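What follows is a short report on a single structure.
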Amino acid sequence: MTHADQLLDAVQMHVPFDGWSDEALKAACEDTGIPLDEARALFPRGGVDLAFAYHQRGDAQMVEKLRDADLSHMRFRDRIAYAVRTRLEVSDRELVRRGMSLFALPQYAAQGSRALWNTVSLIWETLGDTSDDINWYTKRATLSGVYSSTVLYWLGDESEGREATWAFLDRRIDDVMQFEKVKGRVTGSRLFEGFMNGPGRVFEHIRAPGAPRPGYPGHWGGTRR
Numbered sequence: 001m002t003h004a005d006q007l008l009d010a011v012q013m014h015v016p017f018d019g020w021s022d023e024a025l026k027a028a029c030e031d032t033g034i035p036l037d038e039a040r041a042l043f044p045r046g047g048v049d050l051a052f053a054y055h056q057r058g059d060a061q062m063v064e065k066l067r068d069a070d071l072s073h074m075r076f077r078d079r080i081a082y083a084v085r086t087r088l089e090v091s092d093r094e095l096v097r098r099g100m101s102l103f104a105l106p107q108y109a110a111q112g113s114r115a116l117w118n119t120v121s122l123i124w125e126t127l128g129d130t131s132d133d134i135n136w137y138t139k140r141a142t143l144s145g146v147y148s149s150t151v152l153y154w155l156g157d158e159s160e161g162r163e164a165t166w167a168f169l170d171r172r173i174d175d176v177m178q179f180e181k182v183k184g185r186v187t188g189s190r191l192f193e194g195f196m197n198g199p200g201r202v203f204e205h206i207r208a209p210g211a212p213r214p215g216y217p218g219h220w221g222g223t224r225r
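Below, the structure written as structure tokens:
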């Protein structure tokens, strides 16, 4: 186990009392015998880097569990619900609560948004999403709303087995599915077709990060010989 992992393990018992802070980092150093200078080299911003590392560890655990699970019998909306539930179940509520308080501060808000985006992006990728156009962004933005609202509900849920949270999650996903049905009817209409043939053509140029962009340098648009 690396020193970074040792510190991340040790700090978790101190976070409920000290938050994701330098005090918690120092306590973890005392517990592990790792010099504070080395700990600061591993986590230069102290608590915020530890909190982000904890979030990344949870993402990795979620991905591992999703890859090991047989989801073939599930509807896609149920796979999404299972993924969100899995992500929450690998997390400690008090550590997440403390992390949300930290990432709510203006100076760390961008880091918190990045953590959320990384999580929902990993969910889509692990479930097999291959979109490379504007849908790449809309899928992640929509799931970000579902995930963040479910986390807030989960933090205050005292029901047995967190059943109220999972019911809330199902309702949020049902809301999204209803929206998708309406969107499907709209995109199939003549009005929408006219829009896409006019000003809406700009959306054709929106690509996922790393996706090829037709007509741009470095992209081959012709027939290979």
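Read in order, the letters of the sequence shown correspond to residues 1 to 225 in full-length UniProt numbering. All residues carry an ideal CB built from backbone N, CA and C; glycine is no exception. Just so you know, these numbers come straight off a predicted model, no measurement behind them.
Residue environment, residue i, which counts as buried when at least 16 other CB atoms sit within 10 Å
i      : result
SER21  : buried
SER101 : exposed
HIS73  : exposed
PHE103 : buried
PHE52  : buried
ARG172 : buried
SER121 : buried
LEU8   : buried
GLN62  : With the sequence shown as reference, residue 62 is identified as Met, and Gln is not the correct amino acid for it. Looking at its Cβ environment, which holds 16 or more other Cβ atoms inside 10 Å, MET62 is buried.
ALA141 : exposed
ARG87  : buried
GLY99  : buried
ALA69  : exposed
TYR36  : Note that residue 36 corresponds to Leu in the displayed sequence, not to Tyr. Looking at its Cβ environment, which holds fewer than 16 other Cβ atoms inside 10 Å, LEU36 is exposed.
THR119 : buried
LEU105 : exposed
ALA60  : exposed
First and last residue of the uninterrupted alpha helix (DSSP H) at residue i
i      : result
GLY47  : 47-68
PHE17  : 15-18
ARG140 : 134-155
TYR108 : Counting along the chain, TYR108 falls outside any alpha helix (DSSP H), and DSSP gives it neither H nor E.
GLU23  : 22-32
PHE76  : 76-89
GLN12  : Element bounds for GLN12: n/a, residue is neither H nor E.
ASP129 : No alpha helix (DSSP H) holds ASP129; DSSP gives it neither H nor E.
ASP37  : 36-42
Exercise. Below 8 Å, can you find three or more Cβ-Cβ pairs linking the region 21-37 to the region 53-71?
Worked result: no
For this session: Take every Cβ of the region 125-140, pair it with every Cβ of the region 148-160, and state whether three or more of those distances are shorter than 8 Å.
Result: no
For this session: Give a yes or no on contact between the region 163-175 and the region 90-97, applying the rule of three or more CB pairs nearer than 8 Å.
Result: no
Exercise. Three or more C-beta pairs closer than 8 Å, one from the region 104-118 and one from the region 79-86: is that the case here?
Worked result: no
For this session: Decide if the region 120-127 is in contact with the region 41-48; the criterion is three or more beta carbon pairs, one per stretch, under 8 Å apart.
Result: no
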